[in-house]
Every structure is written in C-alpha cells, then in structure tokens.
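Notes to accompany the following structure.
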Amino acid sequence: MASHFSLAILSLFLFFTFSYAKNHHHLHFPPEIRGACKASREPSTCEASFHHHLPSNPTTLQIIHLALGLSSQKLTKAQAMVKDILNVSAGNLNLTVAAKNCMEGLESSEYRFKQTADHALPGGKMKDARAWMSAALGYQHGCSSGLQKVNDTVQVRKTIVFVDSLIGFTSNTLGMLMNYDIHGSKTGSWGPPKTERDGFWEGVRGTRYDRTKPIVVCESRQNKRKKN
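This is the structure in structure tokens:
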C-alpha cells in the first residue's frame with residue numbers, strides 16, 4: 001500500500017515538474033527566439049543564452065543584434081581571463097606565447113565584432129557581416145587551440161571552457177547572419193549552417209540551391225539534329 005502511495009506521489013511530482021518546465025520554456029523563449037535559434041547547431045543552448053535579454057516582440061534583425069551583443073560580452077570576459085593567465089605566466093615560455101597569441105586573436109576578433117555591429121549590419125551588408133563574423137570565429141578557434149597545448153593548470157582549463165562557450169555564441173550569430181542573408185527575416189526556412197559536404201551550394205548573389213536534388217539537363221536542338 002505504501003509503495004503504491006509513493007508511486008502516485010512520484011508520478012504527480014514528475015507531472016508537475018514537466019508541466020512547469022514546459023511552461024517555463026515557452027514563457028522565456030517566444031516563437032521569435034525559437035525561430036532564430038533554428039540557425040544554431042544547439043537550439044536549446046541558443047535559446048537559453050537569451051534569458052533575461054529579450055525585448056518585447058523582437059524582429060529577426062533585433063535578435064541578430066542581440067546575439068552579437070551577447071557574444072561581445074563573452075569576448076570581453078574571455079579577454080580578461082586570458083590576461084590573467086598572461087600575468088602569471090612568467091617563467092613558462094610556452095604558456096606566455098600561447099596567452100599572447102590568444103590575446104592577439106581575441107583583439108582581432110573584437111575588431112571584427114565592431115566592424116559587423118558598426119558598419120555591416122547598419123548598412124544592410126550581410127555578406128560583409130558574415131565575412132567579419134567568420135573571421136572572428138576563426139580567431140577564437142585559434143585561441144582555444146593554442147591554449148589546449150598548455151592545458152596543465154585549472155586556470156587554463158577554465159579559460160578554455162569559457163572560450164569554447166564564446167565560440168558557441170559566435171557560431172550562433174554567424175548562423176543567424178547566414179540564414180538571414182539567404183532566406184530573409186522569415187525563419188520558417190532557417191536551419192543549422194550547411195556546407196558543400198551537406199549538398200548545399202550558394203549562388204553568386206546569396207541564393208541557395210541544393211546539389212542533392214536531381215538536375216534535369218535539356219538536350220539542345222542541334223544535338224538532336226545530329227543524332228537524326
């Protein structure tokens with residue numbers, strides 16, 4: 001009898017827990033955010049990054065600006081963490097070199113963030129915005145890769161974890177920019193970034209076409225006459 005009662009209590013607890021989690025999710029992550037985060041390889045993590053940073057009824061472009069702002073905040077903290085490593089790296093040449101290279105990479109990343117926010121986005125230059133963000137992402141990967149080679153202290157490991165989270169934020173922003181450039185503000189067609197390996201090719205003007213679909217080739221009249 002007691003076991004049945006305990007099972008009933010547990011079932012009720014799980015029901016209300018899942019119900020709360022579902023309602024909590026929809027409360028903080030409106031359709032606009034869920035749609036934009038379809039551009040991420042980790043949509044749930046992307047949605048969570050906007051917690052407490054949501055304007056009312058945001059446009060798609062506002063969400064992109066917000067995503068870039070969140071990445072910038074992460075970048076500032078990452079720079080401070082790497083600077084702390086550099087300050088205690090005396091006597092360890094490899095660590096000093098890795099920290100300096102990382103600092104330079106993050107500074108270059110910061111410059112590209114500013115170019116995106118101050119020039120590319122206000123001017124509607126999505127191709128430029130994508131190029132700047134892609135470069136920023138590359139510098140961040142370089143920073144993380146360099147620190148991995150001197151990963152022998154808790155401080156360095158924590159910094160690597162944080163830089164990797166910055167990479168995730170920047171990747172989300174880049175994915176949104178790519179989808180906005182190709183599909184426009186309607187997020188119904190948005191999805192995670194794809195490359196040629198996925199059968200995705202992008203036209204000269206930013207239009208997309210899928211190489212996985214069959215291509216119908218029409219035979220010319222001249223060739224038909226030759227056969228006849």
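Quick note on full-length UniProt numbering: the sequence shown kicks off at 1 and runs consecutively. We put the CB at the ideal spot given by N, CA and C, even for glycine.
Take the Cβ of residue 140 as the centre, count every other Cβ of all protein chains shown within 10 Å, and call the residue buried at 16 or more, exposed below. Counting the other Cβ atoms within 10 Å of the Cβ of residue 140 gives 16 or more, which makes it buried.
Rounded to whole angstroms, what is the Cα-Cα separation between residue 110 and residue 119? Between residue 110 and residue 119, the C-alpha separation is close to 14 Å.
Measure the alpha-carbon distance for residue 49 versus residue 58 and round it to whole angstroms. About 15 Å.
Would DSSP call residue 59 helix, strand or coil? In the three-state DSSP reduction, residue 59 falls in the coil class, being neither helix nor strand.
Is DSSP giving residue 137 helix, strand or coil here? Helix.
Could you have a look at residue 77 and say whether DSSP puts it in helix, strand or coil? The answer is helix: DSSP assigns residue 77 an H, G or I state.
Using DSSP with H/G/I as helix, E/B as strand and the rest coil, what is residue 232? There is no way to answer for residue 232, as the model of the chain reaches only from 1 to 228.
Run the CB neighbour count on residue 107, radius 10 Å, all protein chains shown included, and call it buried at 16 or more, exposed below. Exposed, by the Cβ-count rule.
Quick one: Cα of residue 180 to Cα of residue 167, how far? Roughly 20 Å separates the two Cα atoms.
Where residue 130 sits in the DSSP three-state scheme: Looking at residue 130 - three-state DSSP - the assignment turns out to be helix.
Classification of residue 93 by the beta-carbon crowding that lies within 10 angstroms, buried from 16 upward: Exposed, since its Cβ has fewer than 16 Cβ neighbours within 10 Å.
Following the continuous alpha helix (DSSP H) through residue 107, name the residue where it begins and the one where it ends. 93-115 is the span of the alpha helix (DSSP H), which, as asked, contains residue 107.
In three-state terms, what does DSSP make of residue 163? In this structure, DSSP gives residue 163 a helical state, which the three-state scheme calls helix.
In the structure shown, what three-state DSSP assignment does residue 83 receive? Under the three-state reduction of DSSP output, residue 83 falls in the helix class.
With the cut-off set at 8 Å, would you say residue 74 and residue 165 are in Cβ contact? Judged by their CB atoms, residue 74 and residue 165 are nearer to each other than the 8 Å cut-off.
Provide the residue span of the alpha helix (DSSP H) that contains residue 30, from first to last. Taken as a continuous stretch (DSSP letters only), residue 30 belongs to no alpha helix (DSSP H), as it is neither H nor E.
Touching by the beta-carbon criterion (3+ pairs, under 8 Å), the segment 129-149 and the segment 173-189: Using a C-beta cut-off of 8 Å, the segment 129-149 makes contact with the segment 173-189, since at least three inter-stretch Cβ pairs fall below that distance.
Looking at the structure shown, is residue 124 part of a helix, part of a strand, or coil, going by DSSP? Looking at residue 124 - three-state DSSP - the assignment turns out to be coil, as it is neither helix nor strand.
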